Amino acid sequence: MRRPDGGIALVPYLMAGDPDDRTTRELGKRFAAAGVGAIELGVPYSDPLADGPVIQRAGRRALDAGATVETCLETAADIAAEQGAPVVLMTYVNPVLHYGPERFAADAAQAGVAGVIVPDLPVEEAAPVAPALRAAGLDTVFLVAPTSSAPRVAAACAASTGFVYCVTVTGITGSRSALPADVTGLLDRVRAATALPVAAGFGISRPDQLTALRGHADAAVVGSAIVGRIEQGDDPSALVKELLSACR
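Start counting the sequence shown at 3; every next residue gets the next number (the working numbering).
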């Protein structure tokens, strides 16, 4: 995920099954072929805590269309098989516990998933999910936020593998017209606490925001802006191409 030229790796987010499996698979493969750093694939959940209205509606559409953990893993496997970019699942802890942590980890690894983000899983309560993921060879990605204390940043960095996810805003996902003025300071503090790549997420939607993050973040996750295009029936590929240009 860390680019040798000092640029930022783009991590586009897709909700698995929104509006249908075929579309998710086609877009995931297309994004991977375009040179993104990774694909973040959301597992729809009825009670999301971190997602804003755009992602919430995408999750609802996917669930109404019949998406399950099993179908999401099948979609992940199809995208990962292209080997264009790692696939990282973003899910909540309840679906993992309901599916069974060991079964989820084994099936995700079998699907070719590289890592898992569980935003409502604190480091202190990561057992039994995180050990099962690690045992299956999956990266475990924990989140730090603007409100995280130095000890919590250190704990999240120590518990993460693959990369550390840095939430750039206090609040839920969704496009912002501007990122917080102190976001680069936050990213610099997190980067100083870990040797892992640091991905910035939440609120990022525009090329100028990606340009501003260069030198401070190794990767940037863009979700709502892409999912919003899908919601409107538009192809988000042109937006991803524009964002990629700003990353390099």
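Note that the Cβ used here is the ideal one computed from N, Cα and C, for glycine as well. If you're wondering where the values come from, they're calculated on a predicted model, not measured in any experiment.
Point to revise | Residue from Thr26, Gly86, Cys159 and Ile174 whose Cα sits closest to the Cα of leucine 189 | key: Counting from 1 along the sequence shown, the entry for residue 189 is found at position 187. Ranking the options by Cα distance to leucine 189, first place goes to Cys159.
Point to revise | Within-9 Å CB hit, leucine 135 to chain D | key: This model lacks chain D altogether; it includes just one protein chain.
Review point. Between glycine 235 and proline 50, what straight-line distance do the alpha-carbon atoms span, to the nearest angstrom?
Key: Reading the sequence shown from its first residue, position 233 is the one you call residue 235. Reading the sequence shown from its first residue, position 48 is the one you call residue 50. Going by the C-alpha atoms only, they are around 23 Å apart.
Point to revise | Cβ neighbours of leucine 246 in the same chain (closer than 8 Å, five flanking residues each side left out) | key: As a working note, residue 246 is residue 244 in the sequence shown. Here the set comprises Leu12, Ala36, Gly37 and Val38.
Exercise for review: Decide if proline 6 is buried, meaning its Cβ has at least 16 other Cβ atoms within 10 Å, or exposed.
Suggested key: The residue labelled residue 6 in the question sits at position 4 within the sequence shown. Label assigned to proline 6: exposed.
Check your understanding: With burial defined as no fewer than 16 other Cβ atoms inside 10 Å of the residue's Cβ, what is the status of glutamate 42: buried or exposed?
Key -> For the purposes of this step, residue 42 is taken as residue 40 along the sequence shown, with counting starting at 1. Classification of glutamate 42: buried, given that the 10 Å Cβ count is 16 or more.
**Study point:** Extent of the continuous beta strand (DSSP E) to which isoleucine 228 belongs
**Key:** To locate residue 228, count along the sequence shown from 1; it is residue 226. Unbroken run through isoleucine 228 is the alpha helix (DSSP H), 226 to 233; no beta strand (DSSP E).
Check your understanding: Based on the DSSP output, what are the partners of valine 13 in its beta bridges?
Key -> Along the sequence shown, one-based indexing puts residue 13 at 11. DSSP output for valine 13 lists Val223 as bridge partner(s).
Check your understanding: What's the C-alpha gap between alanine 183 and glutamine 211?
Key -> For the purposes of this step, residue 183 is identified with residue 181 of the sequence shown, where counting begins at 1. For the purposes of this step, residue 211 is identified with residue 209 of the sequence shown, where counting begins at 1. Distance between the alpha carbons of alanine 183 and glutamine 211: 11 Å.
Check your understanding: Is the number of C-beta pairs between the segment 195 to 204 and the segment 21 to 37 that are closer than 8 Å three or more?
Key -> no
Point to revise | Burial state of aspartate 220, where buried means 16 or more other Cβ atoms lie within 10 Å | key: Along the sequence shown, one-based indexing puts residue 220 at 218. Aspartate 220 should be labelled buried.
Point to revise | leucine 99, buried or exposed, once every other Cβ within 10 Å from all chains shown has been counted against 16 | key: By one-based count along the sequence shown, residue 99 stands at place 97. Exposed.
Point to revise | Distance, glycine 117 Cα to valine 90 Cα | key: As a working mapping, residue 90 is identified with position 88 in the sequence shown. As a working mapping, residue 117 is identified with position 115 in the sequence shown. Computed Cα separation, rounded: 5 Å.
Review point. What's the gap between the Cα of glycine 44 and the Cα of methionine 92?
Key: For the purposes of this step, residue 44 is taken as the residue at position 42 of the sequence shown. For the purposes of this step, residue 92 is taken as the residue at position 90 of the sequence shown. Near 5 Å, if we compare the C-alpha coordinates of methionine 92 and glycine 44.
Check your understanding: Which residues in the same chain have their Cβ closer than 6 Å to the Cβ of proline 130, if we skip the five residues on either side of it in sequence?
Key -> Mapped onto the sequence shown, residue 130 falls at position 128. Only Pro103 meet the Cβ criterion.
Review point. Which stretch, first to last residue, makes up the beta strand (DSSP E) that contains tyrosine 101?
Key: Counting from one through the sequence shown, the residue named residue 101 turns up at place 99. Per DSSP, tyrosine 101 belongs to no beta strand (DSSP E); it is in the alpha helix (DSSP H), 95 to 101.
Practice item. Express the C-alpha separation of glycine 225 and leucine 135 in angstroms, rounding to a whole number. Key: Counting from one through the sequence shown, the residue named residue 135 turns up at place 133. Counting from one through the sequence shown, the residue named residue 225 turns up at place 223. Near 24 Å, if we compare the C-alpha coordinates of glycine 225 and leucine 135.
Check your understanding: What residue range is occupied by the uninterrupted alpha helix (DSSP H) comprising aspartate 190?
Key -> For the purposes of this step, residue 190 is taken as residue 188 along the sequence shown, with counting starting at 1. It spans 185 to 194 - the alpha helix (DSSP H) in which aspartate 190 sits, taken as one unbroken run.
Check your understanding: Beta-carbon separation of leucine 145 and proline 121 under 9 Å?
Key -> On the sequence shown, residue 145 is found 143 positions in, with the first residue counted as 1. On the sequence shown, residue 121 is found 119 positions in, with the first residue counted as 1. Taking 9 Å as the Cβ cut-off, leucine 145 and proline 121 qualify as a contacting pair.
Point to revise | Through-space distance from glycine 8 to glycine 54, alpha-carbon basis | key: The residue given as residue 54 occupies position 52 in the sequence shown. The residue given as residue 8 occupies position 6 in the sequence shown. Each residue's Cα considered, the two are about 30 Å apart.
Review point. Hey, quick one: how far does the beta strand (DSSP E) through valine 200 stretch, first residue to last?
Key: Taking the sequence shown and counting its residues from 1, the one referred to as residue 200 is at position 198. 200 to 203 is the span of the beta strand (DSSP E), which, as asked, contains valine 200.
Check your understanding: DSSP three-state call for arginine 216: helix, strand or coil?
Key -> Taking the sequence shown and counting its residues from 1, one reaches residue 216 at position 214. If DSSP states are grouped into helix, strand and coil, arginine 216 belongs with the strands.
Point to revise | Residue ranges of each alpha helix (DSSP H) within the segment 43 to 104, 4 or longer | key: Those alpha helix (DSSP H) runs which fall completely within the segment 43 to 104 and span 4+ residues are 55 to 66, 71 to 82 and 95 to 101.
Practice item. In the DSSP assignment, find the beta strand (DSSP E) that holds aspartate 141 and state where it starts and stops. Key: Reading the sequence shown from its first residue, position 139 is the one you call residue 141. Unbroken beta strand (DSSP E) run through aspartate 141: 141 to 143.
**Study point:** Neighbourhood of glutamate 76 by C-beta, 8 Å cutoff - its chain only, sequence neighbours within 5 removed
**Key:** Indexing the sequence shown from 1 puts residue 76 at position 74. Result list for glutamate 76: Asp23 and Ala113, in chain order.
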